[in-house]
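Colleague:
There are 4 protein chains.
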Amino acid sequence: MQVLNQKTSHKALLDRFQKIRQDTVNLCEPLEIEDYVPQPASFVSPPKWHLAHTSWFFEAFILKANSPNYKVFDPVFGFLFNSYYQSLGARAIRDQRGIITRPTVAHVYEYRRHVDAAVETLCAQSLSQETQFLLELGINHEQQHQELLITDLKYTFSLNPIFPVYKTGLGWERPLDNTDNEWVRIQAGTHYVGAQTNIFSFDNERPQHEVLINPCEIRTSLVTNREYLEFVLVDGYQNFRYWLDDGWAWLQDNEVHCPAYWLKQGDSWWVYTLEGLQKLILDAPVSHVSYYEAAAFAQWKGCRLPSEFEWELACCDLFWGRRWEWTSSSHQAYPNYQVSEGAVGEYNGKFMVNQMVLKGSSDATAVGHSRPTYRNFFHPHLRWQLTSIRLANDIS
Amino acid sequence: MQVLNQKTSHKALLDRFQKIRQDTVNLCEPLEIEDYVPQPASFVSPPKWHLAHTSWFFEAFILKANSPNYKVFDPVFGFLFNSYYQSLGARAIRDQRGIITRPTVAHVYEYRRHVDAAVETLCAQSLSQETQFLLELGINHEQQHQELLITDLKYTFSLNPIFPVYKTGLGWERPLDNTDNEWVRIQAGTHYVGAQTNIFSFDNERPQHEVLINPCEIRTSLVTNREYLEFVLVDGYQNFRYWLDDGWAWLQDNEVHCPAYWLKQGDSWWVYTLEGLQKLILDAPVSHVSYYEAAAFAQWKGCRLPSEFEWELACCDLFWGRRWEWTSSSHQAYPNYQVSEGAVGEYNGKFMVNQMVLKGSSDATAVGHSRPTYRNFFHPHLRWQLTSIRLANDIS
Amino acid sequence: MQVLNQKTSHKALLDRFQKIRQDTVNLCEPLEIEDYVPQPASFVSPPKWHLAHTSWFFEAFILKANSPNYKVFDPVFGFLFNSYYQSLGARAIRDQRGIITRPTVAHVYEYRRHVDAAVETLCAQSLSQETQFLLELGINHEQQHQELLITDLKYTFSLNPIFPVYKTGLGWERPLDNTDNEWVRIQAGTHYVGAQTNIFSFDNERPQHEVLINPCEIRTSLVTNREYLEFVLVDGYQNFRYWLDDGWAWLQDNEVHCPAYWLKQGDSWWVYTLEGLQKLILDAPVSHVSYYEAAAFAQWKGCRLPSEFEWELACCDLFWGRRWEWTSSSHQAYPNYQVSEGAVGEYNGKFMVNQMVLKGSSDATAVGHSRPTYRNFFHPHLRWQLTSIRLANDIS
Amino acid sequence: MQVLNQKTSHKALLDRFQKIRQDTVNLCEPLEIEDYVPQPASFVSPPKWHLAHTSWFFEAFILKANSPNYKVFDPVFGFLFNSYYQSLGARAIRDQRGIITRPTVAHVYEYRRHVDAAVETLCAQSLSQETQFLLELGINHEQQHQELLITDLKYTFSLNPIFPVYKTGLGWERPLDNTDNEWVRIQAGTHYVGAQTNIFSFDNERPQHEVLINPCEIRTSLVTNREYLEFVLVDGYQNFRYWLDDGWAWLQDNEVHCPAYWLKQGDSWWVYTLEGLQKLILDAPVSHVSYYEAAAFAQWKGCRLPSEFEWELACCDLFWGRRWEWTSSSHQAYPNYQVSEGAVGEYNGKFMVNQMVLKGSSDATAVGHSRPTYRNFFHPHLRWQLTSIRLANDIS
């Protein structure tokens, strides 16, 4: 458990809890009941599952332990909506979230209200430091699932031949404010990275520690669709020289020719967005590329991706916040990494192999959720998140 | 096209149309919106798809051709809900019916009402013999999908760990009226089989023709759960001697130990039904067995399955109608089989390989839908239908 | 057991045994040691396995039972080279015959000589009728494996980018003697089919029985490469209308565009043969087509495939013996089919589902091995045998 | 290209070339021709392929460029035995090395002699610094393949139910000399790691650079079979708490219960070795564990794996050289990593994702091949190499 050195009044914590819980409900406002159900791939979860799972988190880790009079809403929900329960049977469930039509959506919303009321009751009392931390963790956990909910939905909608519109006016595909392609230089030497203990952070951001940095430069603006399209048009996907070996195998096994959601019709390029099918906006940042594509593009440009620490040290000079950015760092434990006690301890440590760190945040991220030390991570072949590319160079 | 030698008044045909269309809606009455969505396996379709596809059939084959003023409800529906359209893209769709959340269920019901109204308008006029036949075909087609809709739903529900109840009081698992195990003898010689032209039949039932039959006997009652459980308990699934080679491979690849939907808890056997999880009723007919299991059970008993023609000739002496019954006959064309002109011609002919004929009907079959010449067919490994076993013997 | 009504002297039987055993060895004469090893697909066996398995057949069914002093060559050979032993462990073996480098080829030839000597010793004595039958069965079994050995080898060689030559001068791709496309008519009515008991036959050819035949005609000559190429060139493989549903799925899943072993280079068509890569000879019979391709071609021609019984009744008027010919008949038991006692009883009965009957014989068949009642059978997607197409038509 | 700061006489280089080439031939001395052929998994290559590929390396990178009169042995060998040629067609080949029966083993040995003679002729002349480096690279490359050849062979033999003996007296399973479980402490601070330029190294070991190390300790002896068996016996493979998420999925998908090649018979544990099936020697180092197993074992012990740099700094105090040791470091580029020009540049860079670094060497490694800066790497699920576990701890 992280003991926060900060003072947060119960009131402020409860306010944030209520706001974040309502944000999730608001995200689902444009959905039809049918949209809550499908799971088109194992890495995607149905909206209904996200709604229930985030509630289960508060129930399992806070209410059951700290609210003596709390009545579990339905014991079977723990089995149905617990992402980490790892028996053999439950694993099968992980791929079959899309067939769980009952409990209904209405029933899951009831569950949310039941949990909300109980948390509100709990917050009327004095909260231990641990409970405060767990509440903060639950709030941040829910924000993570907000991002997943909306990107999972995008994936599901993208497979529907009629390309449903989630909502207009989102503006996620707008051009970059700045495409000057300037580079910022990072001073070599020993620097501190990682999260201090005075604000909330996830376990994988801690502890703060020193790292050695070599001289390098990072581009201040993200790679655009225009730049990436050039890579596509010069047959970048047909030339193995640019690709990591695993990336080349992935590309061939999946017949990948361009970023996810791109469509070519005649000579024009289109892209599926949550506002429907749109013409590709050339000055918008490229999105939905795998780590393999990011690394191949950088290789073709004669550059490389930044490491997570280079990014963290340069970030105040970068225009970030539009897309999650692949780094060259694999997701591993910081020196003296401590796993939390109990089931909460499963949070990030079990994912410390085969995944790459992403820095920044995206148009889908809740405001205030990310920070410079934040470490997101995905397997290198995945690209249903709003992932993008930032370039770096060694300076010799 | 089959020209019926029968006289049916427009009024009677329209009445039947309206009744059958309402029957489908009634079947869905206990469903929640969520239940209409999932497709848990490629051989299963979501209820929403069945509702739309049966309507599309009337639209595509009758209304568009015969109703000059008919306005197509939505052109994209033909693409989304047409089971036979065989482009590469559309095949992908076949496995992804469960992600098509839009159009919504409400929208599909609107489609049904639109089609119903148009058919009613059409029936106010004089109908050509061809249109009458196509209407009859559409009615029978919808009855087939009623059976699929309910068995598909059962399959989906069976995967939900909370075992949802569709509806109580169905009584599909009731004991057989007769378990006397009597045998009826079929006279050897030349007999007529197949459908005459004076009542409706599917193309694969025609033409009526002569077959040579050898002396044999058929058991009047179906195999019961009690009998089949004995086969399970003597390790019938562990003894390759009883199994066809493909069946043995299927059994091992899928770790099959008993009929579908059976569950062992301690020493008791339970079965998932549309009324929820129930104790196995020993005198009820065994259900949800594959052809491989039916053939292995018969082999173990020292018997065989009847051929489709033996069944057809004996059927007036059999207690049938509870379960679809596997026969030893592969689904192939009768001599001088004629494919209908146009897209309707795809009806059954394309399935004449790798599938076995089933005779009879089941508790899920619409009343009056089946007849002695009826030929249902499935791949031998499938068992999500109400399939069962009837025994036969050669008499030398 | 089939009791032959014929008199065969021990001497004649032994002579045939010795000749057939030598034929197998001769077939392998052009092979390098390396060629004996690989198993490139589960339906293919390495030459070494064929050599050992055919010897094991004589050891297991004849020598162990009838030769009291017989010393088993090596008990582990029964496990390694027994195609039917059906434990879970052994099934894994079935796909991994290509990794069994020991026992060596030399050791397997020793095994053959050991078995040969023991059979010769046995034949010096009086043989029971059963032993005579089993010897005859073993001889026919070995002839079947001769055909498999050479077609399996062809499959393995075909995957080698340097297209090895097995042997020149085979002449399997020679033009048909007759391409007049004449048709022979079959008289409708009741006819006897199936094997009589006075000569050897396999269990699936028996018993002789009556069938009803409808009026039809069969083409005397096989379909040629010229005819089949026309089907390819008019985009027959892109038009789902000609294809069975399972065939269309097979074609798409496997990206099939032409018969196996065909290669297009520029505008010329080549074909891999055991004599190396050759230009396609247009008047030679088409080879290496699946049942799906045969049925689609026939559909495109407005014809159909003959049934196994139509073929059997017409065969004296057909030019047959060059290619195995797909029929429209699924491989099922004849009326009153009797399975032999014991392990020999597994011979054909377990394959009576999902497979189609082929009639005739091929350039790879041992002389005298086939006969009009012979029933070969394969799954409809397989095409590594010398399979071809003969056309038939109903006459109304 | 690495320019070595060392002076090596042509004579010494040629001597080493000849010795290493002969070592490979000696390794194959106990093989039968059949053993050279199979490829039982995509990560395994047949001995014949290793023999040819190592020769092709000298031909392609040295002889063709530097020996004007060199006559290529057979142009098709470049296609057949080039591991990196990355066209679509060639990828298929990568999984089908086991079906390439021709060229024969004898022909491949001819190829080796042809290449050897040409290299000897070349070495009679003055060699450029680049040619010297490439020769050194070819020698080291061949040593890598010696290790693969023998571990690949072990994998193939292990699948043979008769457990072939490669050779007796190898002694790879002997107990550790030291099982005192002492720990050596590493001083925190900035240290140099990576290869200097005065001796040969692979590209991924360079350049030498500084890293920051935290206080920690490393155990001087490897984990033994005794220790690992305890983990097995306390149901370590049934408890998800110890496992990385990808490891848990791997374990379940592959039904893994113990290290590769372990077999339980009754209550005894056996292990397949190149000397045949043997009783597990408890004080020998555990072998053939995946990274997932190594990490789970360490987690269970309350320890962790060392990073590659901790290992490199501690290595003079460790008893190493028996097994390759998994580290916690993913295989990534060192700062300012330079890829060599041309095809040689593909050497290691393309494998810098999804793989973990191993340090040390194993009983199968050629003497003198490894060094403290050496970085071997494999995907975390692979375990056919002689991989083992060394423990480390943070010191706070």
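Protein chains in written order, with this note's numbering: chain L, 1 to 396; chain D, 1001 to 1396; chain Z, 2001 to 2396; chain A, 3001 to 3396.
Don't be surprised by glycine CBs; every beta carbon is placed ideally from N, CA and C.
When DSSP labels each residue in this structure, what does I1162(D) get in the three-state scheme?
Modeller: Three-state DSSP puts I1162(D) in coil, outside helix and strand.
Colleague: Beta-carbon within less than 7 angstroms of A195(L)'s beta-carbon, same chain only, minus the 5 sequence neighbours each way: which residues are those?
Modeller: Hits under 7 angstroms: S201, E205, R206, Q208 and T373.
Colleague: With which residues is G1360(D) paired in a DSSP beta bridge?
Modeller: Its beta-bridge partners are W1324(D).
Colleague: How about S3055(A) and L3122(A): do their beta carbons lie closer than 8 angstroms?
Modeller: No. Outside cutoff.
Colleague: Would you list the residues sitting across from V1286(D) in a DSSP beta bridge?
Modeller: Answer by DSSP bridge pairing: none, since V1286(D) is not bridged.
Colleague: Please give me, in chain order, every unbroken run of the beta strand (DSSP E) with length at least 3 that falls completely inside the segment 181-231 of chain L.
Modeller: You should have 183-186, 189-193, 209-213 and 216-219.
Colleague: Taking Cβ-Cβ distances shorter than 7 angstroms, what residues in chain D pair up with G98(L)?
Modeller: Those within 7 angstroms of G98(L) in chain D are P1038 and G1098.
Colleague: Counting only runs of 3+ residues fully inside the segment 1291-1339 of chain D, write out the beta strand (DSSP E) ranges in chain order.
Modeller: DSSP runs (the beta strand (DSSP E)) wholly in the segment 1291-1339 of chain D: 1324-1330.
Colleague: Among W2320(Z), M2352(Z) and L2212(Z), which has the Cα closest to the Cα of H1191(D)?
Modeller: The candidate whose alpha carbon is nearest that of H1191(D) is L2212(Z).
Colleague: Cβ atoms of Q132(L) and L13(L): under 8 angstroms apart, would you say?
Modeller: For L13(L) and Q132(L), yes; Cβs fall inside 8 angstroms.
Colleague: Would you say T168(L) reaches chain D, if we count a Cβ-Cβ gap shorter than 8 angstroms as a contact?
Modeller: Closer than 8 angstroms: no.
Colleague: What are the residues in the segment 346-371 of chain L lying within 9 angstroms of chain A by C-beta distance?
Modeller: Answer set for the segment 346-371 of chain L: E346, G349, K350, F351, M352, V353, N354, Q355 and M356.
Colleague: With which residues is N1254(D) paired in a DSSP beta bridge?
Modeller: Its beta-bridge partners do not exist; DSSP assigns none.
Colleague: If I measure Cβ to Cβ from F1077(D) and keep anything under 7 angstroms in the same chain, skipping five residues before and after, which residues do I get?
Modeller: Once the five neighbours on either side are set aside, the close Cβ partners of F1077(D) are A1052, W1056 and Y1111.
Colleague: Strictly below 8 angstroms CB to CB, what residues from chain D border S2396(Z)?
Modeller: Correct list: N1336.
Colleague: Answer yes or no: do L2222(Z) and S2388(Z) have a C-beta to C-beta separation smaller than 8 angstroms?
Modeller: Yes, they are a contact pair.
Colleague: Would you say F1043(D) faces chain L, with C-beta separation under 8 angstroms as the test?
Modeller: Chain L, which has no Cβ nearer than 8 angstroms to the Cβ of F1043(D), makes this no.
Colleague: Note down the Cα distance separating K2011(Z) from Q2018(Z), rounded to an integer number of angstroms.
Modeller: Approximately 11 angstroms between the Cα atoms of the pair.
Colleague: Look up L3277(A) in the DSSP assignment and say whether it is helix, strand or coil.
Modeller: Here L3277(A) sits in strand by DSSP.
Colleague: Identify whether A1117(D) lies in helix, strand or coil by the three-state DSSP scheme.
Modeller: DSSP places A1117(D) in helix when its eight states are reduced to three.
Colleague: Would you be able to state if there are at least three C-beta pairs under 8 angstroms between the segment 3313-3324 of chain A and the segment 359-377 of chain L?
Modeller: No, the segment 359-377 of chain L does not touch the segment 3313-3324 of chain A.
Colleague: When you compare the CB positions of G321(L) and S287(L), do they come within less than 8 angstroms of one another, or not?
Modeller: Not in contact: G321(L) and S287(L) (Cβ atoms no closer than 8 angstroms).
Colleague: Check each residue of the segment 1274-1296 of chain D: if its Cβ is closer than 9 angstroms to any Cβ of chain Z, include it; give the result in chain order.
Modeller: Answer set for the segment 1274-1296 of chain D: Y1291, Y1292 and A1295.
Colleague: Taking the Cβ atom as the reference point for each residue, do Y2237(Z) and W2300(Z) lie within a distance shorter than 8 angstroms?
Modeller: Taking 8 angstroms as the Cβ cut-off, Y2237(Z) and W2300(Z) do not qualify as a contacting pair.
Colleague: Would you grab the beta carbon distance between L2305(Z) and A2298(Z) for me? Rounded to a whole angstrom, and I think it's under 8 angstroms.
Modeller: Confirmed, Cβ separation roughly 5 angstroms.
Colleague: Pull up the distance between the alpha-carbon of W1172(D) and that of A2188(Z), whole angstroms please.
Modeller: In a straight line, the C-alpha of W1172(D) is about 46 angstroms away from that of A2188(Z).
Colleague: Determine the contact status of W1049(D) and F1081(D), defining contact as a CB-CB distance below 8 angstroms.
Modeller: Yes.
Colleague: Only counting the same chain, and skipping five residues up and downstream in sequence, which positions put a Cβ closer than 6 angstroms to that of N1225(D)?
Modeller: Within the same chain, N1225(D) has close Cβ partners L1280, L1282, A1284 and V1286.
Colleague: Hey, would you say C258(L) sits closer than 8 angstroms to L391(L), going by beta carbons?
Modeller: Result no, Cβ atoms of C258(L) and L391(L) do not sit closer than 8 angstroms.
Colleague: Whole angstroms is fine: what's the gap from I1952(Z)'s alpha carbon to R2016(Z)'s?
Modeller: In this structure chain Z extends from 2001 to 2396, so residue 1952(Z) is not present and cannot be described.
Colleague: Suppose the cutoff is 8 angstroms on Cβ atoms and the five residues either side in sequence are ignored; what does the same chain contact list for C1028(D) look like?
Modeller: Y1036, P1047, L1051 and L1149, listed in sequence order.
Colleague: Please tell me whether R383(L) has its Cβ less than 8 angstroms away from any Cβ of chain A.
Modeller: Not an interface residue.
Colleague: Are the beta-carbon atoms of I3099(A) and T2151(Z) separated by less than 8 angstroms?
Modeller: Contact flag unset, no.
Colleague: For L1159(D), return the contacting residues in chain L, with the cut-off set at a CB-CB distance below 7 angstroms.
Modeller: By Cβ distance, chain L contributes Q96 and I99.
Colleague: Answer yes or no: does any C-beta atom of chain Z fall closer than 8 angstroms to that of T3104(A)?
Modeller: Closer than 8 angstroms: yes.
Colleague: If I measure Cβ to Cβ from D1074(D) and keep anything under 8 angstroms in the same chain, skipping five residues before and after, which residues do I get?
Modeller: These residues qualify, in order along the chain: P1103 and Y1111.
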